[in-house]
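Q: Pasting in a structure now, in structure tokens, and then I'll have a few things to ask.
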Amino acid sequence: MKLYDISLTLSPQSIRWVTAQPLELIERKRMSRADANNSSSIHTSVHAGTHVDAPFHFVPNGITIESLPLETFIGPARVCAVEPRRRITATDVAKAELQGETRVLFKTRNSNLLKKGVYDPSFAPFSVDGADALVKLGVKLVGLDYLSAAAADEQVPVHLAFLNHGVILLEGVDLSDVPAGRYELFCPPVKLAGSDGAPCRAVLRELA
């Protein structure tokens, strides 16, 4: 049984969204300075690295991260390899034949862009019609191998197309070493009260 860690490693040097500040890891105590223990604090966005978007991210009265059902983040998932031109459209979704899927992670050329370590505006996001197509199929969780499901100039309409319908987004997954196929997904987010999102440790397990 093989496990795939599809999470990005967080550090001050991590790839981050175009408007995000770098993560700060603050050394509060260090034994090398004669402190009794090592203790640190972090300052970062809740959308840093591999993370989950709750509806509240773009929906004013939407559900916040701690209230999302835990079962959303644990269960069968399909990794679907697509080669979109610029965006993942309804046509790309139709070609993937996703009927009956609850959780779908999209593997694209983005996984290689993640390795560059800096934001690349040429990544392949979803289009609004691509998001609409997934909603119509009844998918409950959608993952993408880049820091956002939407391009910088379409953040609001694409996120609303998903989140207004309760479709949860798993963003920033590294699928570069994961073959297309069916897996079991584990990606519970940190339980942050009132938050629009939270980091998570995302793992895929091969099915027997």
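Position 77 (the sequence shown) corresponds to 76 in numbering that gives the first Met the number 0; numbering is contiguous. For every residue, glycine included, the Cβ atom is placed at its ideal position computed from N, Cα and C.
I'd like to confirm the pairing. Which residues does DSSP put opposite G196 in its beta bridges?
A: Paired residue(s): D52.
Q: Between P188 and D131, what straight-line distance do the alpha-carbon atoms span, to the nearest angstrom?
A: Distance between the alpha carbons of P188 and D131 is about 24 Å.
Q: To the nearest angstrom, how far is it from the Cα of L9 to the Cα of R29?
A: If you take the alpha carbons of L9 and R29, they lie about 20 Å apart.
Q: Within this structure, are the beta carbons of F57 and H164 separated by less than 8 Å?
A: No, the Cβ-Cβ distance between F57 and H164 is not below 8 Å.
Q: Which runs of the beta strand (DSSP E) at least 3 residues long sit entirely within the region 104-172? Give them in chain order.
A: For the region 104-172, whole beta strand (DSSP E) runs of length 3 or above, ordered along the chain, are 140-143 and 167-170.
Q: Write down the C-beta distance between L168 and A148 rounded to the nearest angstrom, noting that I regard them as a contact closer than 8 Å.
A: Indeed they touch by this definition, with Cβ atoms about 5 Å apart.
Q: Using a 10 Å radius around the Cβ and a threshold of 16 neighbouring Cβ atoms, would you call A160 buried or exposed?
A: By the 10 Å Cβ count, A160 comes out buried.
Q: DSSP puts E205 in a beta bridge; with which residues?
A: Note: E205 sits in a beta bridge opposite Y182.
Q: Is there contact between the region 43-50 and the region 65-79, where contact requires at least three CB pairs shorter than 8 Å?
A: Contact fails: fewer than three Cβ-Cβ distances are below 8 Å.
Q: Within a Cβ cutoff of 6 Å, which residues of the same chain sit near S126, ignoring the five residues on either side of it in sequence?
A: Excluding sequence neighbours, S126 sits near R86 and T88.
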